[in-house]
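See structure below.
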Amino acid sequence: MDKVSLIHGAGGEMMQSLIGSVFANIKNNNAGGVGLEALDDGAAIPFGDKYIVLTTDSHVIKPIFFPGGDIGRLSISGTVNDLAMMGARPVALTNGVIIPEGFSMDDLKKIVESVDEALGEVGAALVTGDTKVLPKEALDSILINTAGIGIADTPIRDSGLNPGDVIIVTGTIGDHGISIISHREGFKFGTELRSDCAPIWNTVKAALDVGGVTAMKDPTRGGVANVLNEMASKSHVKIVIEEEALPIRQDVKAAADMLGIDPMEVANEGKAVIGVRADKADETLAAIKNTKYGKDAVIIGTVTEGKGVIMKTKIGGQRFIEPPLGDPVPRVC
Amino acid sequence: MDKVSLIHGAGGEMMQSLIGSVFANIKNNNAGGVGLEALDDGAAIPFGDKYIVLTTDSHVIKPIFFPGGDIGRLSISGTVNDLAMMGARPVALTNGVIIPEGFSMDDLKKIVESVDEALGEVGAALVTGDTKVLPKEALDSILINTAGIGIADTPIRDSGLNPGDVIIVTGTIGDHGISIISHREGFKFGTELRSDCAPIWNTVKAALDVGGVTAMKDPTRGGVANVLNEMASKSHVKIVIEEEALPIRQDVKAAADMLGIDPMEVANEGKAVIGVRADKADETLAAIKNTKYGKDAVIIGTVTEGKGVIMKTKIGGQRFIEPPLGDPVPRVC
Amino acid sequence: MCLAVVAQLKEIKENTAVADFGGLTQEVRIDLLENPKVDDWVLVHTGFAIQQIDEKEALETLRLLEEIAKMDEEQ
Amino acid sequence: MCLAVVAQLKEIKENTAVADFGGLTQEVRIDLLENPKVDDWVLVHTGFAIQQIDEKEALETLRLLEEIAKMDEEQ
Amino acid sequence: MPVDQEQIAKSLAAKIDKLAAGKDIKIMHVCGTHEYAITKSGIRSLLPPNVKVVMGPGCPVCVTPQAEIDAIVELAEQGKVICTYGDLLRVPGTKSSLYDTVGDIHIVQSISQSVDIARQNPSKEVVFMAVGFETTAPTTAAIVLDGPPENFSMIVSHRLVPPAMKWLMQQGEAKLHGFLLPGHVCTIAGSHDYEQFPVPQVIAGFEPLEILYGLYMLVKQVVEGRAEVENAYTRAVRCQGNQKALKMMEEVFDVCDIMWRGFPVIPDSGYKLKPQYEKFDALKKYNIELKEVKKETGCLCNEILRGIRDPTDCKLFGKACKPLKPVGACMVSSEGACRIWFTYGKAHKVVKE
Amino acid sequence: MPVDQEQIAKSLAAKIDKLAAGKDIKIMHVCGTHEYAITKSGIRSLLPPNVKVVMGPGCPVCVTPQAEIDAIVELAEQGKVICTYGDLLRVPGTKSSLYDTVGDIHIVQSISQSVDIARQNPSKEVVFMAVGFETTAPTTAAIVLDGPPENFSMIVSHRLVPPAMKWLMQQGEAKLHGFLLPGHVCTIAGSHDYEQFPVPQVIAGFEPLEILYGLYMLVKQVVEGRAEVENAYTRAVRCQGNQKALKMMEEVFDVCDIMWRGFPVIPDSGYKLKPQYEKFDALKKYNIELKEVKKETGCLCNEILRGIRDPTDCKLFGKACKPLKPVGACMVSSEGACRIWFTYGKAHKVVKE
Ligand code: SF4
Ligand code: SF4
Ligand SMILES: [Mg+2]
Ligand SMILES: [Mg+2]
Ligand SMILES: [Mg+2]
Ligand SMILES: [Mg+2]
Ligand SMILES: [Mg+2]
Ligand SMILES: [Mg+2]
Ligand SMILES: [Mg+2]
Ligand SMILES: [Mg+2]
Ligand SMILES: [Mg+2]
Ligand SMILES: [Mg+2]
């Protein structure tokens, strides 16, 4: 296969193979600390007795305005959350906006307002940017890249799980992905599903302050299914999830059933999957639940020796939770 | 005008108006130090007794491979140079790659090799990245956003010129822009013009070490004409340039004449315009000339009280050097 | 091609009905049904109600299953 | 529409020639010229040579201009 | 479903274990949705190792041959507006899948959405890819009887379950002890067609407990030496099926021979439009021929499905045939035997502690 | 150019200063390339304040009316491949410029490049926008005589300088003392056509010193009360012009009346294809009508060019008429009076220390 295909960008196994065969060749990949080779939520560079955490994400979402947010709010949330996942307080962000000619100036203003509002929620600043305009023939929708830096005392890795830890998810699963897919495919529901898009530093900070967090990752592309697999494999542990514990909104569940899509496999944009030492689990959960974006947090599973991610189903069965192969697509059979 | 037009992305006056009416509304725009409002080459955030400098640029160049470089080398050079322009040693970079489906895997590998090579030249590292793939209908060519951080003792601004300073340009003018336009428009020349695309931190460092640098900016979009105007206006000074001193390659001049384009108005991707205290001018020039990318450096003008940028022409006339209104286009009259 | 979801008919128009899928509503075609009525529980496949659910049978199955579980306990 | 650049014809084909623009070469059409020869200096406009440069006249103008400057000095 | 699902499941599993003790029982289901539910609920992990549930040629997407994908891709490339169920998006033809094709391709949730698209775009030609078994065929029939607009047509790729089961059994030496029949297919078609087969069969629903219950009934038949068609999905399936839907199908379709991916042409296993509705047949309308792919590539799907060969017996396994470039149905479905062996190695994918 | 350009320039400027002492002299040039060279070399800064050089309607791009831009935009929107010189790209029509139009638009350096594009794309229709004065018209003629392919056509928008000058002078009370004639136009057309005008005229080249020399000769004529056509560009201009080129133009074109942006239709000031070449006329081929824009918007370009009005006298100035949405030629060119006043305010743009 000598061409890049859509599936290479879908966050699954093929994406890993693309990264492995292309980007992993970069030799200048580490500035001390956590570098590109870690494929964590961001990099961490030692500086004095702290770490500068650096991360980037490009946002290509369509529709650009959706129930619960827009591409502006998303671009800030995504980067703030990646910084938070590394245990870093988000400090300063960049914005690289690429606009197709003919784009509505009012829409651009709305997007920028959302950017500002999301920044304000976590006390971060947009300190530098870049704007490009491309011909309509070259690009069909606005793209926003956001990079950001944060400061961490010690970076939290996605590979830090230990047997005995418990797994917390900070809220309901699948809201963003299921709502976007429904919206995008023009499936008309009587009520409106909403994305959970939010910058959750304050929620994460509450968890960090308790002192028992061992690993974190935000379940964006590939969803909770993907994140659990990455965390388990990088930490060399097995994760066991209780199906009954999974927090899934009733309307999200109904839409997911209709679409034939597993809510575990779609993106969340305001959630974290957090590994916590068992002795700190209750306190951490309570701290999280006490924050704006952590009210629905629950413990969904535990970490044991072994490998893989296993779900204990409602009927007492067990199955692997696998990382999705590509972007979820509505299905009927 | 309620739509974004190509000219809003061309780096001139309309781009300023876009930024002014949209991005300037962001209130969370400063994390201490130099923020978004400065519209400098990057932001600078105080950290201990140093500054973290942060910058970003999206690269949308076509053709993606061109004589003298490719989009990979360009994406690193652009960000390394912006960091350098702030007086910062480039430390760690990010890469947000957006790929149209069907893109050649071999081309992608070549681009990534160029990225690595450019990083190696200045000892910086690519520490984190993001990859997206879009349908062919949505995007027609690869886009790369690169953000980066560097460390500076004191940031160098584009607004630091003082009357009496001299203006140095670190090498020949217009190479990148004239070569790309010739190449892109399919104008066939017998010999090949080459872009100057290069990461010039080592050249800049040589200048900084002398201790007389007062202001810096890299003449990318809008070229030297644009950069001189920005520096003069932000520094509240007048700059006087000697036409005879401008270093322009013979072949670039010939092509520029044929295209009806002013080499002063096109992008350079491996050059800096540097303001230096007069008493350090010769020593700084010598230091620059001693580096790989500084051999053709010259003093092109001086700074005085007043405003605007003036050129003393070869026939002894004077004229304003104006910031270009939009991207340069070949003309015949 | 056989993913079907249970829904309840809420409002019947000509050959369509508004169906309630546990909180979400969507319009479905009902022309494959013999005698659709409001409040009927139906199986919906690709936007078409393909059959009514027989509530009596559903309860009967349930009873059977519970009996099996109880039998077990008694053993 | 009158940007024209001076070039020297280097190689003549049918109705085109290779022209040298100070180091860069490009093919130009020569069918508007009366009697094009290799080494002719020509004015090129939109890819067409529109006229030969008269070297004698060019030198004469130059002489004139220098004379004016000298006259000035002598005054 | 009620109070303690886990308790009921455990009881059913225990009963199956007890009944099957000392025997090797292999049960085939023929429905993608059954596979989905079995996998998601971890049913296999509850069964004793001597009771195996395997997937038959029952996912209409998996069995859609390359020739049909090639045809719809060709129409997409010609600029037709293509409507398809998402399932089909990534199934490869000989050159490309719809996913990798540049064109105006819509994922729809219902055939009626594709008719809406045709009505809203009268200047464009809209082609719907009508895949699916008996469950889906009546929706196509309903649309044809509606009188869709002139610019709407479809590739009719409907297939029927009983002829495929029949063909599979005719191949002989199948090591299958019983069939879990597809509940939603039977909701439309009823159960009479299955009475011809002299094997244990149980119609099952799709809730995890309904499936387990169906398996229990099947194992019971096997052990008791019966071979009947039983119904464990009475809340939805009547033995005469959905008569109204069946009548509409009869009005619109004629039975025909049709290709299945990884199999030869199976007689009487497909539907085509009756002559009076041929104007909605995209293949006829645009004069597209289904090009049968070069004679039998060596795919062993049918032997694998009958349980007499393993994926590794196939020369193409992992070479010409991979998950992103499958040759047979067993490599298309994420639950096909070849796909599982490729991804997980010989080790069974079921969690066992 | 030789030794000390600055020295020669100073001498010429000093002579002009001396000659013009006590008089106000206003000279018009009618060539975009003259303006470009004058601006880039800062010639105005060398002239005494009583000698002014202004720009006439001499940039073919500036004077291309909205109707012609609308026509080429319409063709682009229809899917034709459009070839144009870069100059025209941003000139707005009533709705859009080519720059803001989605379509297959190529910037070419030569009309012959656009013919190449037509040959390489036989299935596409290629339209070239043939703007330009006498300098450019023969290149169009040469291409027409070549016999371009069937799929090639053009909007012929060539205009002639002398009829425009004539019209301008006929408006009366022009405060112009002489004309710097366009060197490259005269390279083709020669100088005879200008002898009809009873004003001082000098043909000048485009090197800064050639222009200064031409201005010096003009001021000399003015002061000496002569009204001749003199040639300061002898290395390129013969008085009979380029006879071969002129013959080709005659073979291909007929003279016609034509619209100019900001002016009314000027009689005999344009070219159209002779009937035998009409098949290359894109307007005829695609049946496009030039829609004259709503009668005289109030643009004062012609008065401004004649020096009898200022931009601020125009009601549209800075309101309906802005650099990115110009109404008249004076706002299109970056050296037009309206454009300069808009960008810099009343203050003259010339550097004076
Ligand atoms: S590996 Fe592929 S070709 Fe071989 S039997 Fe399996 S599906 Fe068929
Ligand atoms: S401002 Fe515009 S409309 Fe008025 S005279 Fe100038 S160009 Fe014409
Ligand atoms: Mg992340
Ligand atoms: Mg990131
Ligand atoms: Mg992220
Ligand atoms: Mg930038
Ligand atoms: Mg992490
Ligand atoms: Mg810069
Ligand atoms: Mg930057
Ligand atoms: Mg930059
Ligand atoms: Mg990312
Ligand atoms: Mg700077």
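Listed in order, the protein sequences are those of chains F, W, E, Y, L and H.
For the first sequence, the positions run 1064 to 1396 when our numbering is used.
For the second sequence, the positions run 1064 to 1396 when our numbering is used.
For the third sequence, the positions run 100 to 174 when our numbering is used.
For the fourth sequence, the positions run 100 to 174 when our numbering is used.
For the fifth sequence, the positions run 952 to 1304 when our numbering is used.
For the sixth sequence, the positions run 952 to 1304 when our numbering is used.
Where is the CB? At the ideal position from N, CA and C, for every residue including glycine.
Please read all numbers here as calculations on a predicted model, not as lab measurements.
message = Measuring straight from C-alpha to C-alpha, what distance separates Leu1069 (chain F) and Val1283 (chain L)?
response = 18 angstroms
query = Is the Cβ of Leu102 (chain Y) closer than 9 angstroms to any Cβ of chain W?
reply = yes
query = Since Thr145 (chain Y) meets chain W, which of its residues come closer than 8 angstroms, beta carbon to beta carbon?
reply = Val1395
ask   = Is it right to say Lys1316 (chain W) is buried, meaning 16 or more other beta carbons lie within 10 angstroms of its own, or is it exposed?
value = buried
task = Please check if any C-beta of chain Y sits within less than 9 angstroms of the C-beta of Gly1323 (chain W).
result = True, the Cβ-Cβ gap to chain Y drops below 9 angstroms.
message = Classify Cys982 (chain H): buried if its beta carbon has 16 or more other beta carbons within 10 angstroms, exposed otherwise.
response = buried
key: Endpoints, the alpha helix (DSSP H) within which Pro1215 (chain L) is located   = Neither: Pro1215 (chain L) is in no alpha helix (DSSP H) and is coded neither H nor E.
message = Taking CB distances under 9 angstroms as the criterion, tell me whether Leu132 (chain E) reaches chain F.
response = no
message = Taking the straight line between their C-alpha atoms, what separation do you get for Asp130 (chain Y) and Lys1195 (chain H)?
response = Asp130 (chain Y) and Lys1195 (chain H): Cα-Cα distance of roughly 9 angstroms.
request  = On a CA-only basis, which of E:Phe120, E:Val137, E:Leu142 is nearest Phe1157 (chain L)? Give me that one, please.
outcome  = That would be E:Leu142, whose Cα lies nearest to the Cα of Phe1157 (chain L).
ask   = Going along the chain, which residues of the segment 1301-1324 of chain F sit with their C-beta nearer than 8 angstroms to a C-beta in chain E?
value = Near chain E, meaning a CB-to-CB distance below 8 angstroms, the residues of the segment 1301-1324 of chain F are Gln1313, Asp1314, Lys1316, Ala1317, Ala1318, Asp1320, Met1321, Gly1323.
inquiry  = Just to confirm before moving on: does the CB-CB distance between Ile1162 (chain H) and Leu1111 (chain H) stay below 9 angstroms?
reply    = no
Cβ distance (whole Å) where Lys1375 (chain W) is taken to contact Ala1295 (chain W) below 8 angstroms = In fact, because the Cβ distance is near 15 angstroms, the residues do not count as touching under 8 angstroms.
query = How would you list, in chain order, the residues of chain H whose beta-carbon sits under 9 angstroms from the beta-carbon of Leu1199 (chain F)?
reply = Checking the displayed sequence, the identity of residue 1199 (chain F) turns out to be Lys instead of Leu. In chain order: Val1053.
message = For Ser1063 (chain L) and Ser1104 (chain L), what's the separation of their Cα atoms in angstroms?
response = 12 angstroms
message = Taking the straight line between their C-alpha atoms, what separation do you get for Glu1202 (chain L) and Glu1076 (chain F)?
response = 46 angstroms
query = In three-state DSSP terms, what is Ile162 (chain Y)?
reply = Note on residue identity: the sequence assigns Arg, not Ile, to residue 162 (chain Y). If DSSP states are grouped into helix, strand and coil, Arg162 (chain Y) belongs with the helices.
ask   = Ends of the beta strand (DSSP E) at Gly1192 (chain F)?
value = For Gly1192 (chain F), the enclosing beta strand (DSSP E) begins and ends at 1188-1197.
ask   = For Leu1256 (chain F), which option in E:Leu123, E:Arg128, E:Gly146 has the closest C-alpha, if you only look at C-alpha atoms?
value = E:Leu123
query = Helix, strand or coil: which one does DSSP assign to Asp139 (chain Y)?
reply = Correct three-state label for Asp139 (chain Y): coil.
task = Using the Cα positions of Asp1390 (chain W) and Ser1048 (chain H), report the straight-line distance between them to the nearest angstrom.
result = 15 angstroms
Collapsed DSSP secondary structure at Asp1144 (chain L) in the structure displayed = helix
query = Start and end of the alpha helix (DSSP H) containing Gly1275 (chain W)?
reply = Counting along the chain, Gly1275 (chain W) falls outside any alpha helix (DSSP H), and DSSP gives it neither H nor E.
task = With 9 angstroms as the threshold, decide whether the Cβ of Leu123 (chain Y) is near any Cβ in chain W.
result = yes
ask   = At least one CB of chain F closer than 9 angstroms to the CB of Cys1289 (chain L): is that the case?
value = no
task = Go through its chain and collect everything with a Cβ distance to Met100 (chain Y)'s Cβ below 6 angstroms, but skip five positions before and after it.
result = With a pLDDT of 47 at Met100 (chain Y), under the threshold of 50, the predicted position of this residue should be treated as unreliable, and no value is reported.
ask   = Of all the options H:Asp1021, H:Gly993, H:Val1032, H:Gln1029, which has the alpha carbon lying nearest to the alpha carbon of Arg1041 (chain H)?
value = Shortest Cα-Cα distance from Arg1041 (chain H) to any of H:Asp1021, H:Gly993, H:Val1032, H:Gln1029 involves H:Asp1021.
message = Does chain E have any CB closer than 9 angstroms to the CB of Leu1291 (chain F)?
response = Chain E contact via Cβ: absent.
query = Is there contact between the segment 1119-1137 of chain F and the segment 1214-1222 of chain W, where contact requires at least three CB pairs shorter than 8 angstroms?
reply = no
query = Would Thr1294 (chain L) be called buried (16 or more neighbouring beta carbons within 10 Å of its own) or exposed?
reply = By the 10 Å Cβ count, Thr1294 (chain L) comes out exposed.
key: CA nearest to the CA of Gly1131 (chain W), picked from W:Gly1379, W:Asp1238, W:Leu1309   = W:Asp1238
message = Across the segment 1095-1102 of chain W and the segment 1093-1111 of chain F, are there enough close Cβ pairs to call them in contact, namely three or more that are closer than 8 angstroms?
response = no
task = With a threshold of 8 angstroms, establish whether the CB of Thr1119 (chain W) neighbours any heavy atom of ligand 11.
result = no
request  = Could you tell me whether any non-hydrogen atom of ligand 2 is closer than 8 angstroms to the CB of Ile1385 (chain H)?
outcome  = Because chain H in this structure spans residues 952 to 1304, residue 1385 (chain H) falls outside the shown range and cannot be described.
query = According to the Cβ coordinates, are Ile1214 (chain L) and Trp1118 (chain L) closer than 9 angstroms?
reply = Looking at the sequence itself, residue 1214 (chain L) is Phe, so the reference to Ile does not match. For Phe1214 (chain L) and Trp1118 (chain L), yes; Cβs fall inside 9 angstroms.
key: Buried/exposed call for Arg1070 (chain L), threshold 16 Cβ in 10 Å   = exposed
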